[in-house]
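The structure appears below as C-alpha cells.
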Amino acid sequence: MSQPHILTLKDVSFDKEQGSIDAYRGKHKHIIIPDNFDGIPVTEIWDYAFSEVEDLSEEFEEAPQNPIASVVIPNTVTEIGEGAFQRNALTEIVIPSSVTRIGYNAFAENALTSVDIPDSVVEIVEGAFRDNAIEQLTLGKSVSIIEDYAFANNAINKLNLPSSLSEIGNEAFANNAITQVLMSKNITYIGYDAFVGNPLIGRPIRQFGEKKPPRELTDEEWLEALGDL
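To get my numbering, take the position in the sequence shown, counting from 1, and add 1.
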C-alpha cells in the first residue's frame, strides 16, 4: 500500500462555517482526513463528498475513476452524510466514537469485510452499508433503529443484536450468510423480508409489530431548525 496522503485544502472543498468537507478533488487512493483545516475542526463529511455517484446519470452508471481504498476519519467528525463514501474500494473503516449519524448509502457499494459501529450511533440509516463483503459486524450499545437495506447483500454469518435495538427495517439484513441471530425481547418491529436470503437455523424470523411514529419536534427544536434555513 502506498503511503497515505494527509488531505490539505488543495484536495477538498471545505465549508469553514459548518466545518464540513463538501467535496474531494484529489486523486489519492489512501487518504487521512485531518481533524482541522487552519484550526477549524472537521465535524461533518457532506453528502457524496468522497463519491462520484451524484455525478452519474441514473441510466448509465460506471465505476469511479479513482476509487478510495482506505480512509482515516478523525474523532472530531460527528456526522457522515448521504453517500459520503459510496461506490469506492474501501476494505476497512474505523468509525470514530464521535460519530452520531451515518447517512443514507454512506458506505454502500464498497468492499468492507468488517464493521464496528460505535456506541455513539443511535440510528443506522437506509442502505448505509449495503452491497459490501461484511463478514463481521459489531453493533454499538446505543443502536435503536436499523433502517431498510442497511446491511443487505453482505456476508454476515452470526448476528448479535444489542438490547437497545427496537426496530429492524425491510430487508435490513437480506442476502447475507446469517445462520444465527441473537436478539432481545426489546424489539418491537421487524420489517418484511428483514432476513430473507439467509441460511437461518431454526424458526424463520417473520415480520411483526408496527414502526414507531416519527417523534414531533418541540417548539425549541422547531425554532432551531428554522434558524438554519
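For each residue, glycine too, the CB sits at the ideal point set by N, CA and C.
Contact set for residue i: own chain, Cβ-Cβ below 8 angstroms, skip 5 residues either direction
{"i": "E172", "result": "D149, Y150, A153, G192, Y193, D194, A195 and V197"}
{"i": "T44", "result": "Q19, G20, S21, T77, V78, T79 and E80"}
{"i": "E60", "result": "Interpretation of E60 is limited by its pLDDT of 39, a score under 50 that renders its predicted location unreliable; the figure taken from the coordinates is listed afterwards. Counting only Cβ-Cβ distances below 8 angstroms, and skipping sequence neighbours, we find nothing."}
{"i": "S167", "result": "S145, I146, N187, I188, T189, Y190 and K213"}
C-beta atoms of residue i and residue j nearer than 8 angstroms
{"i": "I146", "j": "A129", "result": "no"}
{"i": "V122", "j": "S143", "result": "yes"}
{"i": "G84", "j": "A107", "result": "yes"}
{"i": "D12", "j": "Y25", "result": "yes"}
{"i": "I33", "j": "I7", "result": "yes"}
{"i": "F174", "j": "I157", "result": "yes"}
{"i": "N199", "j": "I179", "result": "yes"}
{"i": "P75", "j": "P119", "result": "no"}
Unbroken beta strand (DSSP E) run spanning residue i, endpoints
{"i": "T139", "result": "Q137 to T139"}
{"i": "N161", "result": "K159 to N161"}
{"i": "G183", "result": "Residue 183 is actually Leu in this sequence, not Gly. Run containing L183: Q181 to L183, per the beta strand (DSSP E) assignment."}
{"i": "S167", "result": "Premise fails: S167 is in no beta strand (DSSP E) and is neither H nor E."}
Closest residue to residue i among the options (Cα-Cα distance)
{"i": "R88", "options": "V123, N76 and A50", "result": "A50"}
{"i": "I169", "options": "N155, T189, N176 and L160", "result": "T189"}
{"i": "L140", "options": "A156, D132 and S115", "result": "S115"}
{"i": "K247", "options": "S167, H31, L166 and I135", "result": "This structure gives no information on residue 247, because the portion of the chain shown stretches from 2 to 230."}
{"i": "E127", "options": "Q137, G82, A90 and I96", "result": "G82"}
{"i": "D132", "options": "E110, V182 and I41", "result": "E110"}
{"i": "P5", "options": "S71, N37 and N177", "result": "S71"}
Own chain partners of residue i with C-beta closer than 6 angstroms, once the 5 adjacent residues on each side are dropped
{"i": "D117", "result": "T139"}
Beta bridge counterpart(s) of residue i as assigned by DSSP
{"i": "P75", "result": "Answer is none; P75 lacks a bridge partner."}
{"i": "D16", "result": "S21"}
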